[in-house]
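Chains as they are written, first to last, in the numbering used here: chain A, 1 to 87; chain B, 88 to 313.
Beneath this line is the structure, given in structure tokens, with notes to follow.
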Amino acid sequence: MARVVVDVMLKPEILDPQGQAVQRALPRLGFTGISDVRQGKRFELEVEGPVDEAALARIHDLAESFLANTVIEDFTVKVEEVAGAAE
Amino acid sequence: MTARIGVVTFPGSLDDRDTRRAITLAGAEPVALWHKDKDLGQVDAVVLPGGFSYGDYLRAGAISRFSPVMESVIEQAKAGLPVLGICNGFQVLTEAHLLPGGMLGNDHLHFICRDQKLRVENAGTAWTGDYRQGQEIHIPLKNMDGRYVADEYTLDKLEAEGRVVFRYLDLNPNGSLRDIAGITNEAGNVVGLMPHPEHAVEPLIGTGRTDGLPFFTSILKKLVNA
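What follows is the structure, given as structure tokens:
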């Protein structure tokens, strides 16, 4: 089993009011020096079998068509850990 | 024979019954469609109603867009079938790329429910023929994810082609770019808007006005005259 992580973030030019609300709370909590916060989504996909190029390509398609809406969001795909997989 | 207008019920749809009622009041025949239906059953038009389909868990409208019924809706919309998306239905239409841009959480992060003033910017679509160009109407608005966004190029294109169908007046309730409340596709058969015309079709309810009824009489007239 391996884990593939898909991170989805609003495109930089799109207003993120959730991130702003978090950022505005920081000084009140004693955290200073953080000039911006943006909030995104993390998907952890547990994949059966090897995470080879073909599997990653399928996950990339999944992220592009479903997990992210590429009209408003960017995404990244990365393999987080490989335990007991061939290789 | 009168026009048959399908109304899709997704798990989490809220306004499907009000929409069917509005269609009846306009004089057409509402046809209940289920999200698992692959076949639209010979309807002349389709409405995707408001609500929180599939809980809006991934993004508003994102999961519904892949429901079996949407395969047929997308295919037939591209072939000219009139489709109206109201609120969650509008979100489904953007997720399905039948309409450009995307819908995000309101800029103030709150659910909003109010009587909203709008201007009809395009009375030439399949769903707005019974309005006058520039007419100002009041219909209810209620949503969490009503902020319409698109890149500058798309916004300029929509404006230049007259595809902004409705604009918010007096108050922008959710941070939608250029006060856009509703848009149409290039052919004018697919329309999406955030406010709810189906809640303003009888004087006793909603705003006390019937400013939403022309949506449903417009499509009926278009279909009967077609």
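No residue lacks a Cβ here, since even glycine has one placed at the ideal position from N, Cα and C.
Quantities reported herein were computed from a predicted structural model and do not represent experimental measurements.
Item, Value
"Chain-order list of residues whose beta-carbon lies under 7 Å from that of B:V311 (same chain, five-residue window excluded)", "A90"
"8 Å contact criterion, which B:E316 and B:R254 should meet: CB distance rounded", "With chain B represented from 88 up to 313, any question about residue 316 of chain B goes unanswered, as that position is not in the structure."
"Selected residue, minimal CA-CA separation from B:W315, among B:M157, B:A210, B:K165", "Lying before the first or after the last residue shown, residue 315 of chain B is absent from chain B, which here runs from 88 to 313."
"Beta carbon of A:E44 nearer than 7 Å to that of A:R3", "yes"
"Cβ-based burial, B:H283 [other Cβ within 10 Å; buried from 16]", "buried"
"Contained alpha helix (DSSP H) runs [length at least 4] in the segment 6-51 of chain A, N- to C-terminal order", "17-25"
"Check whether B:R107 and B:P98 have beta carbons under 7 Å apart", "no"
"Beta-bridge pairing of B:Y235 - partner residues as DSSP gives them", "B:M190"
"Residue-level contact to chain A via CB, B:V236, 7 Å cutoff", "yes"
"Nearest candidate by alpha-carbon position, reference B:C314, set B:R104, B:M281, B:K123, B:N276", "The shown model of chain B, from 88 to 313, leaves out residue 314 of chain B, and the question about it has no answer."
"Rounded separation between B:F139 and B:I267 - CA only", "21 Å"
"First through last residue of the alpha helix (DSSP H) which encompasses B:V134", "Taken as a continuous stretch (DSSP letters only), B:V134 belongs to no alpha helix (DSSP H), being part of the beta strand (DSSP E) at 132-135."
"Cβ of A:V4 within 7 Å of any chain D Cβ", "Going by chain labels, chain D is absent from the structure shown, which instead holds the protein chains A and B."
"7 Å Cβ shell around B:Q163 - same chain, five flanking residues per side excluded", "L127"
"Backbone CA spacing between A:L62 and B:S305 [nearest angstrom]", "39 Å"
"Test item: CB-CB of B:I217 and B:P301 under 7 Å", "Reading off the sequence shown, one finds Asp at residue 217 of chain B, where the question assumed Ile. Yes, Cβ-Cβ distance for B:D217 and B:P301 is below 7 Å."
"Beta-carbon neighbours of A:I59, restricted to chain B and to distances below 7 Å", "Within chain B, no residue comes near A:I59; the closest Cβ sits about 16 Å away, beyond 7 Å."
"Closer than 9 Å at the beta carbon, the chain B residues around A:L15", "L191, D194, R234, V236, G262"
"Local Cβ density within 10 Å of B:D103, reported as buried at 16 or more and exposed below that", "buried"
"The segment 135-156 of chain B: positions lying closer than 8 Å to chain A by Cβ", "L145, R146, A149, F153"
"Span separating the alpha-carbon of B:R206 from that of B:E285", "17 Å"
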